[in-house]
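Q: Could you have a look at this structure, given as structure tokens, before my questions?
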Amino acid sequence: MPVEQHEDPFEGRLGDALRQAGGTFEADGATLVAGGEARGRRLLRRRRAAVAGGVAGVALAGVGGALLVPWGGSGGEESVAADPTPRSSADATKSSTPVSGDDLLRTLKGLLPEGKFSGEDSRGTESESGPYARLVYDDGKGGGAIGISMDRIEPGSRQAREVTTCPAEELVPHDACSTSRLPDGSLLKLFQGYEYPDRRVDTKWWSAELVTPEGHHVSVSEWNAEAEKDAPITRPNPPLSTEQLKKVVTAEAWRTAVDAIPEDPKVPGSAASGPTASAPAAPPSADGAAIEKTLIGLLPKDVKVVSKGGQEAEYRFVVVDDGKGASFVQINVQPGMDEVFGSGLEILPDGTRVATRQGPGDDKGGKGTVMWTVDTVRPGSLRVVVSAFNTGAQSADATRDTPALTMAELKRIALSEKWEQLVPKG
Amino acid sequence: MRHVRADGYPEFAAARAGHLYRSACLLTGGDTHLAEDLVQETLGRLYVKWGRVSRVGNPAGYAQTVLTRTFLAHQRRRSSTERATDTFPDVADPRGPHTDAPLRLTLVEALAQLPAKDRAVVVLRYWEDRSIQETADAMNASSAAVRTRCVRALARLRELLGEDLGEYATP
Numbered sequence: 001m002p003v004e005q006h007e008d009p010f011e012g013r014l015g016d017a018l019r020q021a022g023g024t025f026e027a028d029g030a031t032l033v034a035g036g037e038a039r040g041r042r043l044l045r046r047r048r049a050a051v052a053g054g055v056a057g058v059a060l061a062g063v064g065g066a067l068l069v070p071w072g073g074s075g076g077e078e079s080v081a082a083d084p085t086p087r088s089s090a091d092a093t094k095s096s097t098p099v100s101g102d103d104l105l106r107t108l109k110g111l112l113p114e115g116k117f118s119g120e121d122s123r124g125t126e127s128e129s130g131p132y133a134r135l136v137y138d139d140g141k142g143g144g145a146i147g148i149s150m151d152r153i154e155p156g157s158r159q160a161r162e163v164t165t166c167p168a169e170e171l172v173p174h175d176a177c178s179t180s181r182l183p184d185g186s187l188l189k190l191f192q193g194y195e196y197p198d199r200r201v202d203t204k205w206w207s208a209e210l211v212t213p214e215g216h217h218v219s220v221s222e223w224n225a226e227a228e229k230d231a232p233i234t235r236p237n238p239p240l241s242t243e244q245l246k247k248v249v250t251a252e253a254w255r256t257a258v259d260a261i262p263e264d265p266k267v268p269g270s271a272a273s274g275p276t277a278s279a280p281a282a283p284p285s286a287d288g289a290a291i292e293k294t295l296i297g298l299l300p301k302d303v304k305v306v307s308k309g310g311q312e313a314e315y316r317f318v319v320v321d322d323g324k325g326a327s328f329v330q331i332n333v334q335p336g337m338d339e340v341f342g343s344g345l346e347i348l349p350d351g352t353r354v355a356t357r358q359g360p361g362d363d364k365g366g367k368g369t370v371m372w373t374v375d376t377v378r379p380g381s382l383r384v385v386v387s388a389f390n391t392g393a394q395s396a397d398a399t400r401d402t403p404a405l406t407m408a409e410l411k412r413i414a415l416s417e418k419w420e421q422l423v424p425k426g
Numbered sequence: 001m002r003h004v005r006a007d008g009y010p011e012f013a014a015a016r017a018g019h020l021y022r023s024a025c026l027l028t029g030g031d032t033h034l035a036e037d038l039v040q041e042t043l044g045r046l047y048v049k050w051g052r053v054s055r056v057g058n059p060a061g062y063a064q065t066v067l068t069r070t071f072l073a074h075q076r077r078r079s080s081t082e083r084a085t086d087t088f089p090d091v092a093d094p095r096g097p098h099t100d101a102p103l104r105l106t107l108v109e110a111l112a113q114l115p116a117k118d119r120a121v122v123v124l125r126y127w128e129d130r131s132i133q134e135t136a137d138a139m140n141a142s143s144a145a146v147r148t149r150c151v152r153a154l155a156r157l158r159e160l161l162g163e164d165l166g167e168y169a170t171p
């Protein structure tokens with residue numbers, strides 16, 4: 001037990017005290033479980049609905065002119081706010097029989113070079129949590145875990161972009177990653193990284209992600225160990241080369257399996273679709289790509305963007321260089337926020353509240369880093385926060401005395417009217 | 001090798017919800033409403049990727065990691081400039097008087113005064129008994145950063161609660 005490593009008796013006492021204090025919080029387990037499951041279903045439904053809207057929308061547009069695009073007008077962007085109601089008729093456009101877990105395993109084995117298989121496990125397309133197949137494959141040079149899973153995804157959606165976009169080296173260190181468009185229009189990401197981004201154990205995790213224009217999403221992963229985590233490394237690299245991974249992930253059979261995934265029958269309101277039918281449950285969120293574009297447009301002329309990224313909605317970062325070294329700049333654009341500030345608060349004539357902070361950049365622990373922040377909330381509860389660091393990556397040590405942007409420049413960026421245009425009026 | 005059944009989600013959720021909730025209560029410094037929200041969000045995420053999660057050797061540990069990250073993401077959405085909370089969150093105990101309540105409020109109040117990430121370090125290290133490295137992994141942080149936070153948080157808790165933690169240390 002790590003407790004035994006504590007040299008300071010205070011730490012042991014703290015553990016006891018925490019257990020005593022934590023133990024007095026009594027959970028309503030049933031409510032938590034039911035609530036968790038409801039959220040999980042909603043997440044799954046959104047995913048599937050996204051594809052149903054994409055595919056069925058095209059198929060049925062000529063039939064009755066039914067409005068099938070729950071994300072109407074937003075450029076194919078999935079809105080987090082809307083809980084889009086999928087068309088039950090989406091299934092009618094596909095006639096597909098269920099694919100069993102054994103079918104998936106058989107297909108997977110058929111696509112792999114000769115070798116020994118063990119540890120097989122799978123789930124078919126009728127399973128509520130989605131189909132997958134996994135096994136341990138040994139080509140004679142050591143066993144490696146291989147897993148494949150598939151689901152629907154809305155082509156062009158934020159989610160589709162996320163799975164096919166290589167992560168920023170600053171956030172997820174990796175050895176190689178590439179995204180390419182295949183002749184059939186599919187997007188393919190080939191990734192060679194590590195199970196633990198900090199490489200505390202050197203388990204390698206290689207993967208291939210495929211998103212077809214029809215919204216099939218197929219994901220294959222492999223490891224140089226017989227399990228994803230907590231298993232010894234059996235070989236220098238996972239068993240399949242990226243070329244072989246590509247062959248597996250692009251096999252036609254997986255798309256058939258995705259087509260066979262049923263819609264959630266419990267989704268209500270399938271008759272009337274479109275924006276009016278979906279009640280927004282949360283404030284609309286700002287699209288990350290638009291944030292990035294706007295941020296770059298607002299940067300001072302004398303800085304160069306050397307890197308950029310961010311996987312989440314409402315958040316983006318860029319790394320800029322003004323000739324004196326890299327500087328990490330991050331931004332959050334968050335509708336529906338109404339944070340009350342502490343000290344240093346300034347209220348502008350239009351009611352916008354502005355707080356500034358120049359402090360240590362201890363966010364992820366680089367040595368000697370500082371973080372300069374301008375935090376703003378407009379009267380309509382739109383929050384824009386910009387921070388700049390005196391280093392090029394959050395985890396890296398300081399490489400310069402101050403960030404590449406001044407406080408005045410950060411303030412000008414945060415207060416730009418352009419941010420208001422990014423957020424749909426809700 | 002112990003194998004967790006792929007379709008064992010309901011059993012898993014039922015078995016772990018209580019522990020996750022208690023963790024969440026400590027993480028949030030006693031904000032029980034937010035704690036409930038975080039646990040439901042965590043279970044929802046696990047529900048979606050249960051196929052993959054169930055393959056993990058230690059789904060319970062994984063769930064705790066998801067909870068921690070959900071909490072930190074929530075904090076980041078609320079505020080990118082980290083600071084200790086100025087006000088105590090709502091820690092009213094709906095179950096009414098409880099013998100341990102006064103003690104708990106004191107410790108939880110002290111936790112609530114730590115910055116969110118420091119609190120996450122304390123909860124992972126001393127409630128979950130994770131090593132520095134495991135804590136760093138769960139938080140997507142460097143071990144150096146965790147060590148720094150840990151030292152700072154311990155000093156602050158010492159200051160707030162006293163060296164011997166007297167009444168808390170009862171077995």
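Sequences listed follow chains A and B, in order. Counting with UniProt numbering, you get residues 1 to 426 for the letters of the first sequence. Counting with UniProt numbering, you get residues 1 to 171 for the letters of the second sequence. The C-beta atom is built at its ideal place from N, Cα and C for all residues, glycine as well. Predicted model only: the values in this text are computed from it and were never measured.
1) Counting only beta-carbon atoms, is Ser118 of chain A nearer than 8 Å to chain B?
2) Lys116 of chain A bridges to which residues according to DSSP?
3) Name the one or two DSSP bridge partners that His216 of chain A has.
4) According to the Cβ coordinates, are Pro113 of chain A and Asp138 of chain A closer than 8 Å?
5) Does the distance from the C-beta atom of Gly130 of chain A to that of Val99 of chain A stay below 8 Å?
6) Please confirm if Leu107 of chain B has its CB atom under 8 Å from at least one CB of chain A.
7) Please classify Gly368 of chain A: is it buried, with 16 or more other beta-carbons within 10 angstroms of its beta-carbon, or exposed?
8) Does the stretch 19-32 of chain B come into contact with the stretch 20-34 of chain A, if we say contact requires no fewer than three beta-carbon pairs (one atom in each stretch) closer than 8 Å?
9) Determine whether the Cβ of Asp350 of chain A lies closer than 8 Å to any Cβ atom of chain B.
10) Rounded C-beta distance between Leu43 of chain B and Ala14 of chain B? I'm assuming under 8 Å.
11) Whose C-alpha, out of A:Thr250, A:Ser207, A:His216, A:Arg255, is nearest the C-alpha of Pro238 of chain A?
12) Strictly below 7 Å CB to CB, what residues from chain B border Tyr132 of chain A?
13) Using a threshold of 8 Å, state whether the C-beta atoms of Leu111 of chain B and Thr68 of chain B are closer than that.
14) Okay, do the stretch 293-300 of chain A and the stretch 399-415 of chain A touch, 3+ Cβ pairs below 8 Å being the bar?
15) Buried or exposed for Pro335 of chain A, please, with buried defined as at least 16 other CB atoms from any protein chain shown within 10 angstroms of its CB.
16) What's the C-alpha gap between Gly323 of chain A and Thr373 of chain A?
17) Does the distance from the C-beta atom of Thr164 of chain A to that of Lys189 of chain A stay below 8 Å?
18) Tell me where the alpha helix (DSSP H) around Gln244 of chain A begins and ends.
19) Helix, strand or coil: how does DSSP classify Gly317 of chain A here?
20) Would you tell me roughly how many angstroms separate the C-alpha atoms of Glu346 of chain A and Ala355 of chain A, rounded to the nearest one?
21) Can you grab the Cα-Cα spacing for the pair Arg152 of chain A / Leu44 of chain A, in whole Å?
22) Quick one: give me the first and last residue of the alpha helix (DSSP H) that Glu409 of chain A is part of.
23) Determine whether the Cβ of Leu43 of chain B lies closer than 8 Å to any Cβ atom of chain A.
24) Short of 8 Å Cβ to Cβ, which residues in the stretch 15-37 of chain B face chain A?
25) What do you reckon, are the CB atoms on Gly15 of chain A and Tyr47 of chain B nearer than 8 Å?
26) Judging by CA-CA distance, which residue of B:Val151, B:Met139, B:Ala153, B:Leu157 is the nearest neighbour of Gln64 of chain B?
A: Judging by the given coordinates:
1) no
2) A:Asp138
3) A:Arg152
4) no
5) no
6) yes
7) exposed
8) yes
9) no
10) Not quite, the Cβ-Cβ distance comes to about 10 Å (not below 8 Å), so this is no contact.
11) A:Ser207
12) Gly51
13) no
14) yes
15) buried
16) 22 Å
17) yes
18) 242-249
19) Here residue 317 of chain A turns out to be Phe, not Gly, going by the sequence shown. Looking at Phe317 of chain A - three-state DSSP - the assignment turns out to be strand.
20) 6 Å
21) 10 Å
22) 407-414
23) yes
24) Ala17, Gly18, Leu20, Tyr21, Arg22, Ser23, Cys25, Leu26, Thr32, Ala35, Glu36
25) no
26) B:Met139
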